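Notes for the one structure printed next.
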Amino acid sequence: MTSLERVSISIEKRLLTRLEKLIKSSRYTNRSEFIRDMIRSKLVEQDWANERREVIGTITLIYDHHRRELSEKLTDIQHDHHDEVLASTHVHIAHDRCAEMIMVKGRVDRVRALADRLHREKGVLHAELSMSATGDSLR
Ligand code: NI
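For the sequence shown, the working numbering assigns the number 13 to the initial residue and increments by one for each residue that follows.
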């Protein structure tokens, strides 16, 4: 286990009150843990700001099941990006709607290009790229 350092910070009273509320509403029991996670989130954001950085994430698609050949098109696009696609799961969420969760890993620019291409297809109702990091920057 890595050793912990104690630090003290100066912060305006109003901002501290807001931080305490934020911690409480996020159901953290420990202020330090909240701040550590906040820093990690910032580090992940920084990874995603660098186009050449290797990242990991998930693309969630919600789309129209009745749109002709859309499912095949979405699969074709994933085949074009086989280097970035790790796995995908299809869920039939309603009579006329499908969801697909695609796990991706690769360079930021390529992962974003894949997500944008999937999103642009007619019949895709929602596409969300959820961004995480491979962990190298979080230690
Ligand atoms: Ni389906």
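For each residue, glycine too, the CB sits at the ideal point set by N, CA and C. These numbers come from a predicted model, not from an experiment.
Exercise for the section: Hey, could you find the ends of the beta strand (DSSP E) residue 131 is sitting in? Expected result: As a first step, residue 131 is located in the sequence shown; it is residue number 119 there, counting from the start. Unbroken run through residue 131 is the alpha helix (DSSP H), 120-132; no beta strand (DSSP E).
Handout entry: For residue 69, the residue or residues it bridges with in DSSP
Key = For this step, residue 69 is matched to residue 57 along the sequence shown. 116, 143, per the DSSP bridge assignment.
Exercise for the section: Can you list the residues near ligand 1, meaning Cβ strictly closer than 6 Å to any non-hydrogen atom, in the order they appear in the chain? Expected result: If you measure from each CB to the nearest heavy atom of ligand 1, the residues under 6 Å come out as 77, 102, 104, 110.
Problem - One or two residues paired with residue 100 in a DSSP bridge - result: Position 88 of the sequence shown, counted from the first residue, corresponds to residue 100. In DSSP, residue 100 forms a bridge with 114.
Problem - Buried or exposed (CB count within 10 angstroms, at least 16 for buried), residue 118 - result: As a first step, residue 118 must be located in the sequence shown, where it is residue number 106. Classification of residue 118: buried, given that the 10 Å Cβ count is 16 or more.
Handout entry: Residue span of the alpha helix (DSSP H) that contains residue 48, given as start and end
Key = Sequence index remark: in the sequence shown, residue 48 carries index 36 (1-based). Looking at the DSSP string, the run of the alpha helix (DSSP H) that includes residue 48 is 43-61.
Exercise for the section: Please classify residue 138: does DSSP put it in a helix, a strand, or coil? Expected result: If you number the sequence shown from 1, residue 138 lands on position 126. Of the three classes helix, strand and coil, the one that applies to residue 138 here is strand, per DSSP.
Handout entry: Spatial distance of residue 77 from residue 107 (CA atoms)
Key = Position 65 of the sequence shown, counting from 1, holds the residue named residue 77. Position 95 of the sequence shown, counting from 1, holds the residue named residue 107. Taking the straight line from one Cα to the other gives about 8 Å.
Problem - Contact check, residue 146 vs residue 97, beta carbons under 8 Å - result: As a first step, residue 146 is located in the sequence shown; it is residue number 134 there, counting from the start. As a first step, residue 97 is located in the sequence shown; it is residue number 85 there, counting from the start. No, the pair does not count as a contact, with Cβ atoms beyond the cut-off.
Exercise for the section: Starting from the C-beta of residue 105, find all residues in its chain whose C-beta is less than 8 Å away, skip the five residues before and the five after it, and write them out in chain order. Expected result: Counted from its first residue, the sequence shown places residue 105 at position 93. The answer, listed in chain order, is 74, 111.
Handout entry: Residue(s) in a DSSP beta bridge with residue 109
Key = Here the question's residue 109 lines up with position 97 in the sequence shown. Beta-bridge pairing links residue 109 to 76, 106.
Practice task
Can you give me the start and stop residues for the alpha helix (DSSP H) that residue 37 sits inside?
Solution key: On the sequence shown, position 25 is the one that residue 37 refers to. Segment 25-37, the alpha helix (DSSP H) holding residue 37.
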